[in-house]
Amino acid sequence: MSSDKRYAVEKSTEEWRRQLTAEQFHVLREHGTEHAGTSPLNAEHRAGVFRCAGCGQPVFEASTKFESGSGWPSFFKAVDGAVATSEDDSHSMRRTEMHCARCGGHLGHVFPDGPAPTGLRYCTNGVALSFQPAGRGTAPAEPAAPASGPRKRD
Ligand SMILES: [Zn+2]
-18 MSSDKRYAVE KSTEEWRRQL TAEQFHVLRE HGTEHAGTSP LNAEHRAGVF
32 RCAGCGQPVF EASTKFESGS GWPSFFKAVD GAVATSEDDS HSMRRTEMHC
82 ARCGGHLGHV FPDGPAPTGL RYCTNGVALS FQPAGRGTAP AEPAAPASGP
132 RKRD
């Protein structure tokens, strides 16, 4: 892991510790992995966007989420330019590590066994994400009809 990379959002370890929960800090800043099946985002199926819990950048659209059965929120595509990857040889296997391109926060790993059209599985720690449901403004709102019935004149 190269430590000389520069990101648009950079904070000191102390600042990150203040901003993040202990679990978020462990995953985002220490490349931790949450226990499978623990994230409430596994069951999140509403329209919206998943943002990096570190800097707030949108990293995954809800429309790219799929049920992988892994116990971690999984996506087949990242928001363009939002996620960067690096090769990770830890745990004696080669994996593709992914992190937020804006703040460098570790998000999870990318595996080549995802569904079409990308064939990729972005296996993500839910704790590294914050979900924002689609705004009410984007859904077509039906104006309530007035309670008064049609007037008839005979
Ligand atoms: Zn970020």
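Just so you know, my numbering puts 17 at position 36 of the sequence shown, and the rest follows in order with no gaps. The beta carbon of each residue, even a glycine, is placed where N, CA and C say it ideally should be.
- Just the Cα atoms here: how many angstroms apart are P96 and T45? Taking the straight line from one Cα to the other gives about 10 Å.
- Item | Cβ separation of H90 and T99, assumed to be a contact under 8 Å, to the nearest whole Å | Rounded, the Cβ-Cβ distance is 15 Å, inconsistent with contact.
- Message: Check whether the stretch -14 to -5 and the stretch 73 to 87 are in contact - that is, three or more C-beta pairs closer than 8 Å.
- Response: Contact annotation: the stretch -14 to -5 touches the stretch 73 to 87, with at least three C-beta pairs closer than 8 Å.
- Message: Residues around ligand 1, please: the condition is that the C-beta lies closer than 6 Å to some non-hydrogen atom of it.
- Response: Cβ-based neighbours of ligand 1 within the cut-off: C33, G35, C36, Q38, C81, R83, C84 and G86.
- Look at the alpha carbon of G116 and the alpha carbon of E25, and state the distance between them as a whole number of angstroms. The alpha-carbon separation between G116 and E25 amounts to approximately 16 Å.
- Message: V60 and L88 - do their beta-carbons sit closer together than 9 Å?
- Response: Cβ atoms of L88 and V60: not closer than 9 Å.
- Task: Return the chain-ordered list of same chain residues with a C-beta closer than 8 Å to the C-beta of P93, the five sequence neighbours on each side being excluded.
- Result: Result list for P93: G100, L101 and R102, in chain order.
- Task: Using DSSP bridges, identify the partner residues of Y103.
- Result: As computed with DSSP, Y103 is found in a beta bridge with F56 and V91.
- Message: Quick check on the DSSP output: what are the complete alpha helix (DSSP H) runs of length 4 or more inside the stretch -4 to 45, in order along the chain?
- Response: Qualifying alpha helix (DSSP H) stretches, in chain order: 3 to 11.
- Smallest Cα separation from H72: which of T105, Q38 and T14? Closest by alpha carbon: T14.
- Task: Within its chain, find whatever has a CB closer than 6 Å to the CB of E224; leave out the 5 residues flanking it on each side and keep chain order.
- Result: There is no way to answer for residue 224, as the model of the chain reaches only from -18 to 135.
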